[in-house]
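> Residue numbering for the sequence shown is 1467 to 1850, as defined by our numbering.
Here a beta-carbon is modelled for each residue, glycine too, at the ideal position from N, C-alpha and C.
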Amino acid sequence: MHAPDIDPSSNGTQIHTAAQRFEMDYSKAPGKSWKQAAVTLDPFRFPGDPRLFHAYGITYMRVVNGKKFMFVSEMNGYDLAVYRFEPNSEIAIPTAFIGIGGSQQGAAWTQGKAPVWTGTWDDNKNRRLMWRDANGNGAVDTGEFSDVQMPHVYSRGFDVDDNGNVWVAGKLNEYNSGWREGGNIVIPFGSIDANGVPFQGSVPRNVDVPISLIDAADRGKTSGRMRYLAATDTTIMATGQAEDYYSDQLYVLDGLATGKPTRRFKLNLGYDLKGSTETDILRMTDAQRAAAVLPCVFAADAEYLYVGYMENGPDAKVRGEITIYSMLDGRKIGWIVPSADTNHFSGNFDMKVAIQVRKLADGTRIIVAEEGGGGKFMVYRWKP
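1. Could you give the residue range of the alpha helix (DSSP H) that holds Arg1755?
2. Could you spell out the range, first to last residue, of the beta strand (DSSP E) harbouring Ala1558?
3. Sort Gly1838, Thr1701, Gly1840, Arg1785 by Cα distance to Val1875 and report the nearest one.
4. Applying the criterion that 16 or more other CB atoms from any shown protein chain within 10 Å of the CB defines a buried residue, is Val1768 buried or exposed?
5. So, Met1467 versus Gly1813, is the Cβ gap smaller than 9 Å?
6. Assess, as a yes-or-no matter, whether the region 1621-1638 is touched by the region 1566-1577 under the definition of 3 or more beta carbon pairs within less than 8 Å.
7. Three or more beta-carbon pairs under 8 Å between the region 1718-1725 and the region 1744-1751, yes or no?
8. Does Asp1807 pass the burial test, meaning 16 or more other C-beta atoms within 10 Å, or should it be called exposed?
9. Apart from the five residues just before and just after Gly1656, which ones in its own chain have a Cβ nearer than 7 Å to its Cβ?
10. On the DSSP bridge assignment, give the partners of Asp1613 in chain order.
11. Who are the Cβ neighbours of His1810 in its own chain at under 6 Å, not counting the five residues just before and after it?
12. Tell me which same chain residues have a C-beta within less than 8 Å of the C-beta of Lys1533, skipping the five on either side of it?
13. Tell me the DSSP secondary structure of Ile1677 in three-state form.
14. Taking C-alpha atoms, which residue in Arg1685, Val1763, Arg1729 lies nearest to Tyr1712?
15. Residues in the same chain with beta-carbon distance under 6 Å from Val1614, minus the five sequence neighbours each way, listed in chain order, please.
16. Quick one: what's got a C-beta closer than 6 Å to Tyr1451's C-beta in the same chain, skipping five residues either side?
17. Please determine, among Lys1783, Ala1708, Gly1800, Pro1513, the residue with the shortest C-alpha to C-alpha distance to Asp1746.
18. For the candidate residues Pro1474, Ser1499, Tyr1694, whose alpha-carbon lies nearest to that of Asn1631?
19. Go through its chain and collect everything with a Cβ distance to Gln1570's Cβ below 6 Å, but skip five positions before and after it.
20. In this structure, does DSSP put Arg1622 in helix, strand or coil?
Listed below in structure tokens is the structure:
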């Protein structure tokens, strides 16, 4: 399964998964409008490519300073691998790697070349390996590692903004140096070196979430998912249920990075087990699944918020439902569901990032979504 992304320079016609590129021709009928165009993985030239060691399903495509980059992660958001594209080629070259949900100590992709940490678990609880391809050869080498401190020991919510900066969610509060957790962190994209490798000069920093903007019941809660809109310095964070698997209360906050924090709105996403105590849909009865409302993933652009619901959405009550809200005030705009073109079927959303959206020149939105049931992904076109 894949949660792909759209090349922002393609006006919606190029869609990437972690190792493939697809071309879209929207003048053709649904189901006939796509074709596989390229494979971006070369295991012979780059045998240490992290895509060979991990089942990467989440993809971000970014164009920074005219150069295309790809960021990929596995479904639970434990790590993030970064790629640059070879000039005049389809091949994505390993460029950087960031541990998020785990230290990455001893991971296969490090090939035994990463430094071994000493100290207690508590000493290293938030510490994660970061690799940057300093010599530009697309391979891990000794001396290319640093580390970064996560804002929470169990951080897994993350986003990559349009400028290539990596954001990692911690908690809905300010950073506490005693507990070494709180707020979010941002790992700046930095500059691009002579080899085309980003993160040169990047220094991660904490970004507080003022508790004055958060309802008392939600203060200090972890945030299992987040998105960040760089153009407006807008942070979107959600409290979670069932170890942050589902999203519950969603906050849209402006000005956190620029030091002028305000709360735009809070949205109750409608999480409701309808009296059941079972949170795992695989263990729910058919009746429990049919009744439950399980908000899960979300994406946003400047005007709209897109929320994907697992099993049943709040309106059409179908799998794969995406509800659209206004980013101005959180009011509901409508919803998107699988059509007759897919026999009204979609699998569930279960990745940390499962929806990506791109606004085209004419205002049309291309919405790509994970389809965790039929081995495909969904592409929707919506003209507000």
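In brief:
1. 1752-1757
2. 1558-1565
3. Residue 1875 falls outside the range modelled here, since the chain spans only 1467 to 1850, and no answer is possible.
4. Note on identity: in this sequence residue 1768 is Ala, with Val being the wrong assignment. With fewer than 16 Cβ atoms within 10 Å of its Cβ, Ala1768 is classed as exposed.
5. Gly1813 is positioned such that its CB atom lies closer than 9 Å to that of Met1467.
6. yes
7. Judged by Cβ distances under 8 Å, the region 1718-1725 makes no contact with the region 1744-1751, as fewer than three pairs qualify.
8. exposed
9. Pro1664, Phe1665, Gln1666, Gly1667, Ser1668
10. Leu1595
11. Pro1804
12. Setting aside the 5 residues that flank it on each side, Lys1533 is surrounded in the same chain by Arg1550, Phe1551, Ile1658, Gly1662, each with a C-beta closer than 8 Å to its C-beta; the list follows chain order.
13. helix
14. For the residues Arg1685, Val1763, Arg1729, the minimum Cα distance to Tyr1712 belongs to Val1763.
15. Arg1594, Met1596, Pro1670
16. Lying before the first or after the last residue shown, residue 1451 is absent from the chain, which here runs from 1467 to 1850.
17. Per the Cα distances, Ala1708.
18. Tyr1694
19. Leu1595
20. coil
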